[in-house]
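S.K.: Can you read through this structure? Questions will come right after.
Protein chains: 2
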Amino acid sequence: MNAIVDRIKTSCTVPNPNRDYFGLLTEEQQKIVNENKVIIEYKKGEIIAKQGSFTTHILNIKSGLVKVYFEDNHKSLILRIVAPGSLIGLTSLPLNQNVFQYTASAYVETTAELIDINIIRKLILDNSRFASAIIDFLSEVSVQKNNRFFCLTHRQSYGKLADILLCLAGNIFKTDTFDLALSRKELAELSGMSTESVIRTLKGFQEDGLISIQGKSFKVIDPDGLLKICQLG
Amino acid sequence: MNAIVDRIKTSCTVPNPNRDYFGLLTEEQQKIVNENKVIIEYKKGEIIAKQGSFTTHILNIKSGLVKVYFEDNHKSLILRIVAPGSLIGLTSLPLNQNVFQYTASAYVETTAELIDINIIRKLILDNSRFASAIIDFLSEVSVQKNNRFFCLTHRQSYGKLADILLCLAGNIFKTDTFDLALSRKELAELSGMSTESVIRTLKGFQEDGLISIQGKSFKVIDPDGLLKICQLG
DNA sequence: ATGCTTTTATGATTTTTATCATATATGATG
DNA sequence: CATCATATATGATAAAAATCATAAAAGCAT
Chain A
334 MNAIVDRIKT SCTVPNPNRD YFGLLTEEQQ KIVNENKVII EYKKGEIIAK QGSFTTHILN
394 IKSGLVKVYF EDNHKSLILR IVAPGSLIGL TSLPLNQNVF QYTASAYVET TAELIDINII
454 RKLILDNSRF ASAIIDFLSE VSVQKNNRFF CLTHRQSYGK LADILLCLAG NIFKTDTFDL
514 ALSRKELAEL SGMSTESVIR TLKGFQEDGL ISIQGKSFKV IDPDGLLKIC QLG
Chain B
334 MNAIVDRIKT SCTVPNPNRD YFGLLTEEQQ KIVNENKVII EYKKGEIIAK QGSFTTHILN
394 IKSGLVKVYF EDNHKSLILR IVAPGSLIGL TSLPLNQNVF QYTASAYVET TAELIDINII
454 RKLILDNSRF ASAIIDFLSE VSVQKNNRFF CLTHRQSYGK LADILLCLAG NIFKTDTFDL
514 ALSRKELAEL SGMSTESVIR TLKGFQEDGL ISIQGKSFKV IDPDGLLKIC QLG
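So the protein sequences, as listed, match chains A and B. Using my numbering, the first residue of the first sequence is number 334, and each one after it goes up by one. Using my numbering, the first residue of the second sequence is number 334, and each one after it goes up by one.
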């Protein structure tokens with residue numbers, strides 16, 4: 334196994350719970366889901382869900398990579414990076430909160446199952462183990478968001494970016510060398526920094542031998558060093 | 334009705350969903366809850382739950398005011414201010430995440446019901462409407478946290494603090510004049526600022542006639558002005 | 001009330017980071 | 001492959017906010 338996945342636990346992990354939610358359903362329930370879902374392929378950059386629009390479906394990401402972000406006044410904050418196996422749209426389950434609270438778009442070519450949200454609402458009432466799994470999902474996202482929240486409000490640029498790099502390596506790509514589908518601008522939105530500061534900070538990491546970058550290809554050389562920066566602030 | 338409660342919707346509300354979760358239970362289930370709960374009174378400043386310790390009970394706040402905060406390396410971030418009617422500890426429902434992810438302490442004298450978390454877990458499996466209400470709670474907290482997250486990472490000091498003042502007035506105290514149980518240091522932890530910056534910013538608001546402060550007594554004079562500051566950043 | 005501690009307040013300074021300006025590189029497109 | 005657009009990079013400057021130092025005010029216990 335890859336060292337970075339096993340050893341390094343960042344304080345602010347990009348949330349990516351991954352459970353077999355639909356495996357908890359009865360055969361009949363699975364049949365209902367299958368009859369009420371569509372599979373859609375999204376091209377790179379395509380919008381999957383738009384902040385403010387009605388949530389008619391829950392998205393189950395099957396392949397690819399998605400960013401979920403909050404937009405306001407030309408500013409944007411990436412809330413989650415969603416890898417296959419995770420769900421999008423659950424926060425619209427309350428009937429009084431039935432619009433997307435964020436925008437989701439595909440980083441790379443992405444496949445998603447779209448399942449009618451009312452079917453999901455019904456399944457929650459009909460299958461308590463499914464409901465419990467949804468509760469677990471929301472709880473995990475919540476905890477990881479708290480950690481990220483702390484990281485982005487209490488650390489400074491080097492700490493934030495070190496954390497994000499470790500998260501990407503350990504949590505999203507699950508390897509220490511990866512082709513980054515995110516631009517510097519997107520790393521900025523992920524860290525709440527300016528694009529220029531991201532570039533400068535990445536350069537600093539390279540000069541210190543913590544990472545190496547060649548175009549889109551990232552390599553984490555010294556995860557322990559990054560972790561130390563992350564912990565110091 | 335008070336204008337500030339009805340009209341002013343801040344972008345980053347301090348989360349405080351309030352539902353009658355236990356009213357959804359059957360009489361028999363309510364009886365089980367009542368037999369497995371204790372009511373505890375906490376004095377001002379007392380720790381109600383400690384980050385890292387096992388979550389044996391869910392807290393149902395009946396009276397008083399509680400802060401839920403994240404601690405790390407002498408730094409602290411207030412995650413939620415919890416008013417009566419809200420629950421604490423739900424994020425420990427997943428069995429693989431069964432310790433408190435945060436510390437909770439009483440701002441003022443506070444009464445809480447402590448209900449065995451395993452009873453709650455069982456009720457989620459036995460009563461789907463209860464489970465659904467818990468999902469709604471977690472969803473609402475999540476959405477409000479996203480908003481607050483955006484606010485604290487993308488606005489600057491005046492915007493952050495304007496938002497927090499509006500939240501406290503409209504969401505927590507539900508009146509435009511209130512005795513603040515929070516110190517300036519705690520406002521700093523709530524906004525991710527330094528204590529000195531909070532003091533200076535509050536002074537600025539006073540000079541601009543947006544609020545008036547006398548010791549612990551706060552009065553929001555111009556909520557629309559605060560809202561404008563909040564929206565501009 | 002008196003002394004002691006904590007909170008609030010204020011000014012000076014430094015650090016951090018954003019912004020602005022501009023240059024270079026990369027990539028897409030006809 | 002030439003052109004345009006976009007992404008990345010770098011330096012100079014400005015703005016924002018933290019830190020440090022210190023003082024005044026408020027709370028609290030004796």
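Positions of the beta carbon are idealized from the N, C-alpha and C atoms, including for glycine.
#1: Does the segment 389 to 400 of chain A come into contact with the segment 411 to 422 of chain A, if we say contact requires no fewer than three beta-carbon pairs (one atom in each stretch) closer than 8 Å?
#2: From A:Thr424, A:Cys484, A:Asp459 and A:Leu358, pick the residue whose C-alpha is nearest to that of Lys408 (chain B); which is it?
#3: Report yes or no: is there a C-beta of chain B within less than 9 Å of the C-beta of Lys383 (chain A)?
#4: Answer yes or no: does any C-beta atom of chain B fall closer than 9 Å to that of Phe403 (chain A)?
#5: Looking at C-beta atoms only, is the number of pairs between the segment 464 to 483 of chain B and the segment 441 to 448 of chain B that lie closer than 8 Å three or more?
#6: Look at the alpha carbon of Ile394 (chain B) and the alpha carbon of Lys395 (chain A), and state the distance between them as a whole number of angstroms.
#7: Based on DSSP bridge pairs, tell me the residues matched to Arg533 (chain B).
#8: Compare the C-beta of Leu494 (chain B) with all C-beta atoms of chain A and state if any pair is closer than 9 Å.
#9: How would you list, in chain order, the residues of chain A whose beta-carbon sits under 8 Å from the beta-carbon of Arg462 (chain B)?
#10: Within 8 Å, do at least three Cβ pairs link the segment 552 to 562 of chain B to the segment 496 to 504 of chain B?
#11: Using a C-beta to C-beta distance shorter than 9 Å, which residues of chain B count as neighbours of Lys478 (chain A)?
#12: So does the segment 526 to 544 of chain A actually touch the segment 352 to 370 of chain B, counting three or more Cβ pairs closer than 8 Å?
#13: How about Gly566 (chain A): is its C-beta nearer than 9 Å to some C-beta of chain B?
#14: What does Ser472 (chain B) reach in chain A if we use C-beta pairs closer than 8 Å?
#15: Find out if the Cβ-Cβ distance for the pair Leu458 (chain B), Ser419 (chain A) is shorter than 9 Å.
#16: Please look up how many angstroms separate the CB atoms of Gln384 (chain B) and Glu404 (chain B), rounded, as I've assumed it's under 8 Å.
#17: If you count every other CB in all the chains shown that lies within 10 Å of the CB of Glu519 (chain A), and 16 or more means buried, which is it?
#18: According to DSSP, is Asn451 (chain A) part of a helix, a strand, or is it coil?
#19: From this set, B:Ile372, B:Glu368, B:Gln564 and B:Phe355, which residue's C-alpha is nearest His487 (chain B)'s C-alpha?
#20: For the candidate residues B:Phe511, B:Leu456, B:Thr424 and B:Asn351, whose alpha-carbon lies nearest to that of Gln477 (chain A)?
#21: Unbroken beta strand (DSSP E) runs of length 3 or more, entirely within the segment 454 to 534 of chain B: which are they?
#22: May I ask you to report which of helix, strand or coil DSSP gives Gln362 (chain B)?
#23: I want to verify the contact list: residues of chain B whose CB lies under 7 Å from the CB of Glu525 (chain A), in sequence order.
#24: Quick one: does Ile391 (chain B) have its CB under 9 Å from some CB of chain A?
#25: Restricting to Cα atoms, I'd like to know which of B:Leu560, B:Val366, B:Ser545 and B:Ile468 is closest to Asp512 (chain B).
#26: Got a sec, what are the start and stop residues for the alpha helix (DSSP H) Gln547 (chain B) sits in?
#27: Ignore the nearest five residues each way along the sequence and tell me which others in Lys549 (chain A)'s own chain have a CB closer than 7 Å to its CB.
#28: Using the Cβ count rule (16 or more neighbours within 10 Å means buried), how would you classify Leu428 (chain A)?
#29: Does the beta-carbon distance from Tyr375 (chain A) to Thr436 (chain A) come in below 9 Å?
#30: Taking only beta-carbon atoms, is Leu412 (chain A) less than 9 Å away from chain B?
#31: Whole angstroms is fine: what's the gap from Leu523 (chain A)'s alpha carbon to Val441 (chain A)'s?
#32: Could you please give the first and the last residue of the uninterrupted beta strand (DSSP E) stretch that includes Asp405 (chain B)?
#33: Just the chain B side, please: which residues come within less than 8 Å of Ile452 (chain A) by C-beta, in chain order?
#34: How far does the beta strand (DSSP E) with Leu412 (chain A) in it extend, from its first residue to its last?
#35: Please identify the residue among A:Ser490, A:Ala502 and A:Ile505 whose C-alpha is closest to the C-alpha of Ile562 (chain A).
M.R.: Based on what the coordinates show:
#1: Touching, per the Cβ criterion.
#2: A:Cys484
#3: no
#4: yes
#5: Verdict: no, contact absent.
#6: 40 Å
#7: According to DSSP, Arg533 (chain B) bridges with nothing at all.
#8: no
#9: Leu458
#10: yes
#11: Ser475, Lys478, Asn479 and Phe482
#12: No, because fewer than three Cβ pairs between the segment 526 to 544 of chain A and the segment 352 to 370 of chain B fall closer than 8 Å, the two stretches do not touch.
#13: yes
#14: Leu423, Thr424, Ser425, Leu426, Pro427, Gln430 and Leu471
#15: no
#16: 6 Å
#17: Residue burial is scored here from C-beta neighbours: Glu519 (chain A) has at least 16 other C-beta atoms within 10 angstroms and is therefore classed as buried.
#18: helix
#19: B:Gln564
#20: B:Thr424
#21: List check, beta strand (DSSP E) in window: 510 to 512.
#22: helix
#23: In the sequence as displayed, the identity of residue 525 (chain A) is Gly instead of Glu. In chain order: Thr486 and His487.
#24: no
#25: B:Ser545
#26: No alpha helix (DSSP H) contains Gln547 (chain B), which is instead part of the beta strand (DSSP E) from Ile544 to Gln547.
#27: Asp512 and Leu513
#28: With fewer than 16 Cβ atoms within 10 Å of its Cβ, Leu428 (chain A) is classed as exposed.
#29: no
#30: yes
#31: 17 Å
#32: In the DSSP assignment, Asp405 (chain B) falls within the beta strand (DSSP E) that extends over Val399 to Asp405.
#33: Neighbours of Ile452 (chain A) on chain B: none; closest Cβ ~14 Å, over 8 Å.
#34: Lys408 to Val415
#35: Taking only the C-alpha atoms, the option nearest Ile562 (chain A) is A:Ser490.
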